[in-house]
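There are 2 protein chains.
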Amino acid sequence: MPVPAEALTALGNVLGGRLSRSGPDLDQHGRSETWFPKALPDAVAYPETVDEVAAIARICAAHGCPLTAWGAGTSLEGHALAIKGGICVDFTRMNRVLKINPEDMDAVVQPGVTREALNVELRATGLFFPVDPGANATLGGMASTRASGTTAVRYGTMRDNVLALQVVLADGRVIRTGTRARKSSAGYDLTGLFVGAEGTLGLITELTVRLQGQPEAISAAVCAFDAIGPAVDTVIQTIQLGIPMARIEFVDEATAAAVNAYAGARFPVKPHLMVEFHGSASGVAEQAEAFGEIVADNGGAGFEWSARPEDRTALWTMRHNAYYACLASRPGATALVTDLCVPISKLAQAVEETRADIARSHIPGPILGHVGDGNFHAILLVDPDNPVELAEAKRLAHRMTERALRLGGTISGEHGIGMGKLGHMAAEHGPAWDVMGEIKRALDPLGLMNPGKMIRQE
Amino acid sequence: MPVPAEALTALGNVLGGRLSRSGPDLDQHGRSETWFPKALPDAVAYPETVDEVAAIARICAAHGCPLTAWGAGTSLEGHALAIKGGICVDFTRMNRVLKINPEDMDAVVQPGVTREALNVELRATGLFFPVDPGANATLGGMASTRASGTTAVRYGTMRDNVLALQVVLADGRVIRTGTRARKSSAGYDLTGLFVGAEGTLGLITELTVRLQGQPEAISAAVCAFDAIGPAVDTVIQTIQLGIPMARIEFVDEATAAAVNAYAGARFPVKPHLMVEFHGSASGVAEQAEAFGEIVADNGGAGFEWSARPEDRTALWTMRHNAYYACLASRPGATALVTDLCVPISKLAQAVEETRADIARSHIPGPILGHVGDGNFHAILLVDPDNPVELAEAKRLAHRMTERALRLGGTISGEHGIGMGKLGHMAAEHGPAWDVMGEIKRALDPLGLMNPGKMIRQE
Chain H
18 MPVPAEALTA LGNVLGGRLS RSGPDLDQHG RSETWFPKAL PDAVAYPETV DEVAAIARIC
78 AAHGCPLTAW GAGTSLEGHA LAIKGGICVD FTRMNRVLKI NPEDMDAVVQ PGVTREALNV
138 ELRATGLFFP VDPGANATLG GMASTRASGT TAVRYGTMRD NVLALQVVLA DGRVIRTGTR
198 ARKSSAGYDL TGLFVGAEGT LGLITELTVR LQGQPEAISA AVCAFDAIGP AVDTVIQTIQ
258 LGIPMARIEF VDEATAAAVN AYAGARFPVK PHLMVEFHGS ASGVAEQAEA FGEIVADNGG
318 AGFEWSARPE DRTALWTMRH NAYYACLASR PGATALVTDL CVPISKLAQA VEETRADIAR
378 SHIPGPILGH VGDGNFHAIL LVDPDNPVEL AEAKRLAHRM TERALRLGGT ISGEHGIGMG
438 KLGHMAAEHG PAWDVMGEIK RALDPLGLMN PGKMIRQE
Chain F
18 MPVPAEALTA LGNVLGGRLS RSGPDLDQHG RSETWFPKAL PDAVAYPETV DEVAAIARIC
78 AAHGCPLTAW GAGTSLEGHA LAIKGGICVD FTRMNRVLKI NPEDMDAVVQ PGVTREALNV
138 ELRATGLFFP VDPGANATLG GMASTRASGT TAVRYGTMRD NVLALQVVLA DGRVIRTGTR
198 ARKSSAGYDL TGLFVGAEGT LGLITELTVR LQGQPEAISA AVCAFDAIGP AVDTVIQTIQ
258 LGIPMARIEF VDEATAAAVN AYAGARFPVK PHLMVEFHGS ASGVAEQAEA FGEIVADNGG
318 AGFEWSARPE DRTALWTMRH NAYYACLASR PGATALVTDL CVPISKLAQA VEETRADIAR
378 SHIPGPILGH VGDGNFHAIL LVDPDNPVEL AEAKRLAHRM TERALRLGGT ISGEHGIGMG
438 KLGHMAAEHG PAWDVMGEIK RALDPLGLMN PGKMIRQE
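Chain order of the listed sequences is H and F. Taking the numbering used here, the leading residue of the first sequence gets 18, the next gets one more, and so forth. Taking the numbering used here, the leading residue of the second sequence gets 18, the next gets one more, and so forth.
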């Protein structure tokens, strides 16, 4: 449904030149990072204040016009695509860090602040914001998709790191959820409800996030294994011994090869673990030693520690670029990225079954993941113009979601539902998915907030 | 409204002798731990299966009959009182540990399992369930009130330690929320919504909880300070240095005196910190040393470490009994227990203002709390038959909630809302309280789940 002219006039009165209908603007906001077809909004709004966001919501409610939020556009499941048209609310002009409270180790930020920008602002404080999904996403987007990444094994996901929110509801009401207190049992956890709601219940206009102290010492290492089983066993044993890993990442042979080609690295073409410890100098050394013993017990090789910042930066830059390295390993390809998360005892089985499945297809699918959480991704590389390949990738992805559920896990560890996982929600949640729909209808009775996402479509 | 005879007949058909209308049973389920007046249910149901709970919900829905859950009856805000009558659903017969998954460090339990019973079952595994509110509450009750306690500074609250739930909804539908995966971004966080909902959205019939590895080494200590400020500064500095405390508790002079009288202890009548570290032997020793230096810098005295289990047990038994010691310090008194939680930078101010307020009243009010979380309690000791004292205690408690909100905190850190805090919900949440009501009406349109609690009363 096109946006009525009166709605555009009313929005223009609020936003002036910050309501855009230019072709390039619509096009930029109609694309996603992955394989989803283009879906253009009718207009892009660039609000600068919560009052403007509330006015946008009221106008959209009055005219039955859909509203979809946009952060950095880095989500992988097409969350920000305005598939029913309407207004794309781009939060990039609400990008200020409003308050840093060093003593309380929290910060109040606008939703358009990126995680890297926040960490730059925090440099002088000795604090940092730990959640690191790889992409330089906005905090509003990260909250909305319940993002996590390499550090979740130590510092948790966005669920654990958002203390409070300001949210504009579908009818334009502005609410605050949570406080700066570290815990609360005062009422329903609305903060937790909006985190991960993918903009389907309201628009996040302010976040209070937890910060962490920069560790006194950091040490990182990478090591190779002959097979996936021993690598995963190393992780399980490390967790069970209570050794506090700050990151523990897995990459398979194909990913190692892709990284070698992309970044001139010289990893053996084998499964690898990349690990990092945070703590005191002696604590980190002790953890490194204990971990080294577990690695040796499991036949790991090439194990070498480094506490030098430049080595660590090189390691994690490489890990962060692994997605792009995989993409580059098949020129012209686009990625269908899967995102299983299973109980860790089932991780080796889940990875092995997935690899066998991919090997039987003719699509390349390097595997990497946040193994401390039981979470991994297959990067299925397909020719976007080849419907047969896309269908095959979807079939593999479908089998992976079935596998995740069969093994007691979830269809999405950290990427969210968006468009890509909607078809699997019933399988994971059963009648609980209806409850999500009931909550959605209670808070957004007109169905205007990011329509077509998250809940069962009528 | 009395329960219709047809409803009792139908419930009797389901439960047989496990539907009780005996006077002592109603009386036992009509009382709370604290100052709330008796409120008797019309009958007490003792289900043994989720199907029986679902049948109870369906019968109650058909007859417009209220349903209130009962765990161990240890909550402090009158949560489990059936103030509108109806059926009290006592979960004590659903008290089995269904599955322990040592490799994944989780357990599946029925809601009537107490935390101590779970930890007894876990002994042989090297794992433990860390959330410790003091009372031997049931896990269903702890989840419903989003309980925490002394270990939350390290291991989090029930919000952080419940992975998945089975819930019976108001209409008898049975849903499952969450999985055994450590994280998920698949849909609204329904687990987080039911945790802390105090039985107003559904009845929890099964929980999957996270477990922790028994630390290799534990060390504990207690030390005295001349004033509250330096004690709190010690905590802030310890957190900022990233020293991972497993517990850090504060008790004031009055509490120290009460504990001396109750348990024959010999604490100086001064503010104290009680602290515990979990980790490797050398890690714990290093943490103890670093903490000792901070204590010394802040003028703390009597600082002595012990890694002997019997000393630690004595220390924490004393801390757990502090509430009863305070109660015993005024024979015949009942307690109105407050539960502020503020950003830690405001903790000293919050405690000092509260002490000054209590000193100006004529009610004893020892203060103790989980200072690593910014959470503390004043135990206001009143003669239950003296309405003037009760009114004065309520006035003090009201000022404390105002203080918590003024300082950026919450009216309840861990005890929940129940009956005692309902009048403060509007002040904390503003229009977000209405959103809670909208969710409540969506999931419980007849308003039968623990009615009179949590949401704005019409």
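All C-beta atoms, glycine included, are put in the ideal place defined by N, C-alpha and C. As the structure is a prediction and not an experimental result, all values here were calculated from the model.
Checklist entry - Under a CB-based cut-off of 8 Å, is Ala-22/F close to chain H? => result no
Next on the checklist: Using 8 Å for Cβ pairs, my map puts Met-291/F next to Arg-329/F. What's the rounded Cβ distance?
Outcome noted: Their Cβ separation, rounded to whole angstroms, is 10 Å, which puts Met-291/F and Arg-329/F out of contact at 8 Å.
Next on the checklist: In this structure, how does DSSP classify Ile-192/H when only helix, strand and coil are distinguished?
Outcome noted: strand
Item to check | Spatially closest choice to Thr-225/F from Val-452/F, Ile-311/F and Arg-193/F, by CA coordinates | outcome: Arg-193/F
Checklist entry - Cβ of His-96/H less than 8 Å from any chain F Cβ? => result no
Item to check | Contact with chain F by Thr-155/H, beta-carbon distance below 8 Å | outcome: no
Checklist entry - Is any beta-carbon of chain H found at less than 8 Å from that of Arg-197/F? => result With 8 Å as the cut-off, Arg-197/F counts as an interface residue toward chain H.
Checklist entry - In angstroms, rounded to a whole number, what distance separates the CA positions of Ala-408/H and Val-359/H? => result Each residue's alpha carbon lies about 25 Å from the other.
Item to check | Residue closest to Val-31/H, alpha-carbon to alpha-carbon, out of Pro-21/H, His-289/H and Ala-72/H | outcome: Ala-72/H
Item to check | CB-CB length for Glu-94/H against Ile-434/H, believed under 8 Å | outcome: 6 Å
Next on the checklist: Please classify Lys-363/H as buried or exposed, where buried requires at least 16 neighbouring CB atoms within 10 angstroms.
Outcome noted: buried
Checklist entry - Which class does Val-125/F belong to by DSSP, given the choice of helix, strand or coil? => result Three-state DSSP puts Val-125/F in a strand.
Item to check | Span separating the alpha-carbon of Lys-438/H from that of Ile-396/H | outcome: For Lys-438/H and Ile-396/H, the distance between alpha carbons rounds to 15 Å.
Item to check | Within 8 Å, strictly: CB atoms of Ala-27/H and Ile-76/H | outcome: Contact flag set, yes.
Item to check | For Phe-294/H, the three-state DSSP class (helix, strand or coil) | outcome: Of the three classes helix, strand and coil, the one that applies to Phe-294/H here is strand, per DSSP.
Item to check | Rounded distance between the beta-carbons of Ala-238/H and Glu-16/H, thought under 8 Å | outcome: Limits of chain H in this structure are 18 at one end and 475 at the other, which puts residue 16/H out of reach.
Checklist entry - How would you list, in chain order, the residues of chain F whose beta-carbon sits under 7 Å from the beta-carbon of Ser-297/H? => result Result: Glu-303.
Item to check | Any chain F beta carbon closer than 8 Å to Gln-474/H | outcome: no
Checklist entry - Listing by chain order, which chain B residues have their CB less than 7 Å from the CB of Pro-232/F? => result The chain inventory of the structure shown lacks chain B, comprising the protein chains H and F.
Item to check | For Ser-346/F and Pro-401/F, the rounded distance between their alpha carbons | outcome: 15 Å
Item to check | Bridge partners - Lys-116/F, DSSP secondary structure assignment | outcome: Val-125/F
Checklist entry - For Tyr-172/F versus Val-148/F, is the C-beta spacing smaller than 8 Å? => result yes
Next on the checklist: To the nearest angstrom, how far is the alpha carbon of Gly-90/F from that of Val-184/F?
Outcome noted: 20 Å
Checklist entry - Ends of the beta strand (DSSP E) at Arg-10/F? => result No answer is possible for residue 10/F: it lies beyond the span of chain F, which begins at 18 and ends at 475.
Checklist entry - Is there at least one Cβ from chain H nearer than 8 Å to Arg-176/F's Cβ? => result yes
Item to check | Rounded Cβ spacing between Ile-221/F and Ala-160/F (contact assumed at less than 8 Å) | outcome: Indeed they touch by this definition, with Cβ atoms about 6 Å apart.
Checklist entry - Along chain F, in chain order, which residues have C-beta atoms closer than 7 Å to that of Tyr-205/H? => result Leu-210, Gly-213, Ala-214, Met-453 and Ile-456
Checklist entry - Where does Gly-386/H fall in DSSP's three states? => result strand
Checklist entry - Within 7 Å: the Cβ of Arg-336/F and any heavy atom of the ligand NAD? => result Among the ligands in the structure shown, none appear at all, so the ligand NAD cannot be discussed.
Next on the checklist: Does chain H have any CB closer than 8 Å to the CB of Ser-236/F?
Outcome noted: no
Checklist entry - Does any C-beta atom of chain H lie closer than 8 Å to the C-beta of Arg-193/F? => result The C-beta of Arg-193/F comes closer than 8 Å to at least one C-beta of chain H.
Checklist entry - For the region 420–437 of chain H, which residues have a CB atom closer than 7 Å to at least one CB atom of chain F, in sequence order? => result Gly-425, Gly-426, Thr-427, Ile-428, Ser-429, Gly-430, Glu-431, His-432, Gly-433 and Ile-434
Next on the checklist: For the structure I just gave you, are there three or more beta carbon pairs, one from the region 438–453 of chain F and one from the region 407–423 of chain F, closer than 8 Å?
Outcome noted: Yes, they touch.
Checklist entry - Do Met-466/H and Leu-218/H have their CB atoms nearer than 8 Å? => result yes
Next on the checklist: Which complete alpha helix (DSSP H) runs does the region 358–384 of chain F hold, if anything under 4 residues is left out?
Outcome noted: 364–377
Next on the checklist: Please state whether the Cβ-Cβ distance between Ala-134/F and Pro-150/F is less than 8 Å.
Outcome noted: no
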